[in-house]
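Q: Have a look at this one.
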Amino acid sequence: MKKRILIIGASGQIGTELTASLREQFGKHKVIATDIREGDSALLEGGPFEILDAMDYKALEDIIIRHEITDVYLLAAMLSATAEKFPMRAWNLNMNSLFNVLNLAKDNKIKKIFWPSSIAVFGPTTPKTNTPQQTVMEPSTVYGISKQAGERWCEYYFNKYGVDVRSIRYPGLISYKTLPGGGTTDYAVDIYHKALKHGEYQCFLSEETTLPMMFIDDAIRATLSVMEAPKENINVRSSYNLAGLSFNPKEITESIKKHIPNFEISYKPDFRQEIADSWPQSINDEVAQKDWNWKNNISLEEMTSIMLDNLK
Ligand code: AKB
16 MKKRILIIGA SGQIGTELTA SLREQFGKHK VIATDIREGD SALLEGGPFE ILDAMDYKAL
76 EDIIIRHEIT DVYLLAAMLS ATAEKFPMRA WNLNMNSLFN VLNLAKDNKI KKIFWPSSIA
136 VFGPTTPKTN TPQQTVMEPS TVYGISKQAG ERWCEYYFNK YGVDVRSIRY PGLISYKTLP
196 GGGTTDYAVD IYHKALKHGE YQCFLSEETT LPMMFIDDAI RATLSVMEAP KENINVRSSY
256 NLAGLSFNPK EITESIKKHI PNFEISYKPD FRQEIADSWP QSINDEVAQK DWNWKNNISL
316 EEMTSIMLDN LK
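Just remember that our numbering sits 15 ahead of the position in the sequence shown, which is counted from 1.
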């Protein structure tokens, strides 16, 4: 059967760029972009787009049958900071959308699923540095609890029903095409916008808060790699650790100052500080390296140049 791809949550930060990459690779008519809201003009004009609520099983099933979909990338989710404000809405969205897709695969209506997990699956009792693939996982955020439960369900559907679901634990993602929304790591995108626009930034995390991060190009490459890997190489059916960069607000500021010497940062930590403090600082991704040859490419300095050049 020929590959036909459905992206759910295509208008978001990851969806916008993943849709463009998949359209380039497989042809624009093979990739159906969907979201609950319209995306930017490149997304809408670059191929088929439909409005879809990921929680509406019937509507989802209809699109899958109508377009003869084989692979689904489920990117719709409520991120960590927003989820703390709307716990039940976050739980319902993050879990029900996943169950919809897993059940469609269980009933053989689709062949393969990509579902993103996050470093948020780790919690305050997890080893903070070089966090292993398998370790203590006691997440203390609504988002983290939903992602951890999601990982367990993915593994369960693989073991019980043979569902080919693949996942990576994304760190904070940095991109210039679309803004992230509602995450704790979002400061690392906002800081570039404010540096160019105002020459200053007030950060909602303290200067020493080191978190795992990654430039979007590396994250998209990782997503495509894990989906393309032969089935027998995928030994982790919960979610793969993925390491990229680790930096704190002070270090990203230093890299921006190399381009904008007068840039100034001030700190006013808010409720997101507690979320960030519960997460690891760096990730061990040896298993992803071994199973599907993962390697991060873009450094903090390179990322800063790319971000500032493109946002200008
Ligand atoms: C967030 O900050 O909530 C996300 C994530 C780390 O999954 N960027």
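For every residue, glycine included, the Cβ atom is placed at its ideal position computed from N, Cα and C. These figures come from a predicted structure and were not determined experimentally.
Quick one: grab the DSSP three-state call for alanine 210.
A: Residue state, collapsed to three classes: helix.
Q: Hey, how far is the Cα of aspartate 86 from the Cα of isoleucine 125?
A: Approximately 6 Å between the Cα atoms of the pair.
Q: Over what stretch of residues does the alpha helix (DSSP H) that includes serine 293 continue unbroken?
A: Run containing serine 293: none; DSSP gives neither H nor E here.
Q: Compare the beta carbon distance of phenylalanine 278 and alanine 210 with 7 Å and say whether it is the shorter of the two.
A: It is a contact, given that the beta carbons lie within the stated cut-off.
Q: Nearest to threonine 199 by CA position, among Trp294, Ile22, Tyr207, Arg236, is which residue?
A: If we check each option's Cα against that of threonine 199, Trp294 comes out closest.
Q: Assign methionine 318 to one of two classes, buried (16 or more other C-beta atoms within 10 Å of its C-beta) or exposed (fewer than that).
A: Buried, because 16 or more other Cβ atoms sit within 10 Å of the Cβ of methionine 318.
Q: What is the DSSP secondary structure of phenylalanine 41, reduced to helix, strand or coil?
A: Helix.
Q: In this structure, what does DSSP give as the bridge partners for phenylalanine 64?
A: Answer is Ala48.
Q: Taking buried to mean at least 16 other C-beta atoms within 10 Å of its own C-beta, is valine 151 buried or exposed?
A: With fewer than 16 other Cβ atoms within 10 Å, it is exposed.
Q: Can you tell me the Cβ-Cβ gap for glycine 259 and proline 284, rounded? I've got them flagged as a contact below 8 Å.
A: The Cβ separation is near 24 Å, so there is no contact.
Q: Quick one: what's phenylalanine 129 bridged to in DSSP?
A: Per DSSP, Tyr88, Arg181.
Q: Would you kindly work out how many angstroms separate the C-alpha atoms of asparagine 111 and histidine 274, rounded to a whole number?
A: If you take the alpha carbons of asparagine 111 and histidine 274, they lie about 45 Å apart.
Q: Around the Cβ of lysine 162, are there at least 16 other Cβ atoms within 10 angstroms (buried) or fewer (exposed)?
A: Answer is buried; the Cβ neighbour count reaches 16.
Q: Given a cut-off of 7 Å on the beta-carbon distance, is the pair glutamine 288 and leucine 220 in contact?
A: Yes, these two residues count as a Cβ contact at 7 Å.
Q: Pull up the distance between the alpha-carbon of glutamate 170 and that of arginine 252, whole angstroms please.
A: Each residue's alpha carbon lies about 5 Å from the other.
Q: Per DSSP, which residues does glutamate 215 bridge with? Please list them.
A: Glutamate 215 pairs with Glu279.
Q: Note the first and the last residue of the continuous beta strand (DSSP E) segment covering leucine 261.
A: Before going further, note that residue 261 is serine rather than leucine in the sequence given. Its beta strand (DSSP E) spans residues 260-262.
Q: Who are tyrosine 255's beta bridge partners in DSSP?
A: In the DSSP output, where bridge partners are listed per residue, tyrosine 255 has Ile183.
Q: Using only CA atoms, which one of Leu21, Glu60, Ile183, Glu269 lies nearest to glutamate 316?
A: Measuring from the Cα of glutamate 316, the nearest candidate turns out to be Glu269.
Q: Roughly how many whole angstroms lie between the Cα atoms of threonine 193 and leucine 33?
A: Approximately 12 Å between the Cα atoms of the pair.
Q: Does the ligand AKB have even one heavy atom less than 6 Å from the beta-carbon of threonine 200?
A: Yes - the ligand AKB has a heavy atom lying nearer than 6 Å to the Cβ of threonine 200.
Q: Since methionine 229 sits in a beta bridge, which residues does DSSP pair it with?
A: Answer is Leu188, bridged to methionine 229.
Q: One question on the structure: do glutamate 222 and lysine 272 come within less than 7 Å of each other, judged by their Cβ atoms?
A: No, the pair does not count as a contact, with Cβ atoms beyond the cut-off.
Q: Serine 254 and serine 182 look like a contact to me (Cβ under 8 Å); what is the Cβ gap, rounded to whole Å?
A: Correct: roughly 4 Å between the Cβ atoms.
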